[in-house]
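A.B. asks: The listed protein sequences correspond, in order, to chains Y and F. At position 5 of the first sequence the residue is numbered 5 (the working numbering), and the sequence of numbers has no breaks. At position 89 of the second sequence the residue is numbered 89 (the working numbering), and the sequence of numbers has no breaks. Where a beta carbon is used, it is the ideal one built from N, C-alpha and C, also for glycine. Keep in mind it's a predicted model, so treat the numbers as computed, not measured.
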Amino acid sequence: DTAVSQTPKYLVTQMGNDKSIKCEQNLGHDTMYWYKQDSKKFLKIMFSYNNKELIINETVPNRFSPKSPDKAHLNLHINSLELGDSAVYFCASSQRDRNTGELFFGEGSRLTVL
Amino acid sequence: AQSVTQLDSHVSVSEGTPVLLRCNYSSSYSPSLFWYVQHPNKGLQLLLKYTSAATLVKGINGFEAEFKKSETSFHLTKPSAHMSDAAEYFCVVSDRQGYQKVTFGTGTKLQVIP
């Protein structure tokens, strides 16, 4: 059973298009995250949701809009894609009341904008 | 405020020789510390974690790390490198407060030479 699953795994699209990445976790965690990993492997948090409420919203362009329909799902929609959006996007989850900060990651979604 | 510094961006070792990946951190609170491994085109997998119990932490695949508060370090070691250890390694600090701010290091790429 995959604990944190993301779809699609690969996404190639043209500049200006709109795309979505979906994430689901079956760990029963209450907190989910989106991270962006650039070509230098640097990981930067974008958003975090706790029980469907947005709790972390780093400096991210408004073109990025997360949505959490329930605490097991966190989707990321990107409007008007730009070349600089090309990256690997990782979904992660954690259980806040365990108070350790341990994250469980999906396998990533590689977005290439042409 | 918290930060984490991985002192080497690349480490190269011969198969069968010891591995040392260095990590220093700063945190205003008693932190949790983690090492994650990322194999090519894969998500991040937890290697080991320190959460205020034993300062010498053993992880998967023969890795271990020692939490040294006086040196603010959490270096990752393995007695004998294996070809399958070639990957990117991330040191991570979490403040375990509130929404558990998690900060990633910039990563160390481990190369294992046959």
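For a contact defined as C-beta to C-beta under 8 Å, what are the partners of GLY43(F) on chain Y?
C.D. replies: Residue numbering aside, residue 43(F) sits at position 43 when the second sequence is read from its first letter. Under the 8 Å cutoff, chain Y gives VAL4, PHE90, PHE105, GLY106, GLU107 and GLY108.
A.B. asks: Could you check how far apart the C-beta atoms of LEU83(Y) and PHE64(Y) are, in whole angstroms? I think they sit under 8 Å.
C.D. replies: Translated into the one-based positions of the first sequence, residue 83(Y) becomes position 83. Translated into the one-based positions of the first sequence, residue 64(Y) becomes position 64. Not really, about 15 Å apart at Cβ, beyond 8 Å.
A.B. asks: On the DSSP bridge assignment, give the partners of ALA92(Y) in chain order.
C.D. replies: Looking up residue 92(Y) in the first sequence gives position 92. Beta-bridge pairing links ALA92(Y) to TYR33(Y) and PHE105(Y).
A.B. asks: Mind checking which residues open and close the beta strand (DSSP E) that includes ASN24(F)?
C.D. replies: Residue 24(F) sits at position 24 when you count from the first residue of the second sequence. 23-26 is the span of the beta strand (DSSP E), which, as asked, contains ASN24(F).
A.B. asks: For ASN24(F), which option in ILE113(F), SER14(F) and ASP8(F) has the closest C-alpha, if you only look at C-alpha atoms?
C.D. replies: Within the second sequence, residue 24(F) is the residue found at index 24, counting from 1. The residue with the shortest Cα to Cα distance from ASN24(F) is ASP8(F).
A.B. asks: Between which two residues does the beta strand (DSSP E) holding ASN17(Y) run?
C.D. replies: Translated into positions along the first sequence, residue 17(Y) becomes position 17. Unbroken run through ASN17(Y): none, as it is neither H nor E.
A.B. asks: Please report the distance separating the alpha-carbon of LEU56(F) from that of SER12(F).
C.D. replies: Numbered from 1 along the second sequence, position 56 holds the residue referred to as residue 56(F). Numbered from 1 along the second sequence, position 12 holds the residue referred to as residue 12(F). Their backbone Cα atoms lie some 24 Å apart in a straight line.
A.B. asks: With the cut-off set at 8 Å, would you say LEU90(Y) and GLY108(Y) are in Cβ contact?
C.D. replies: Translated into positions along the first sequence, residue 90(Y) becomes position 90. Translated into positions along the first sequence, residue 108(Y) becomes position 108. Position check: residue 90(Y) holds Phe in this sequence, whereas Leu was assumed. The answer is yes: Cβ separation under 8 Å.
A.B. asks: Please state whether DSSP places ASP70(Y) in a helix, a strand or coil.
C.D. replies: Here residue 70(Y) refers to the residue found at position 70 when the first sequence is read from its first residue. Three-state result, ASP70(Y): strand.
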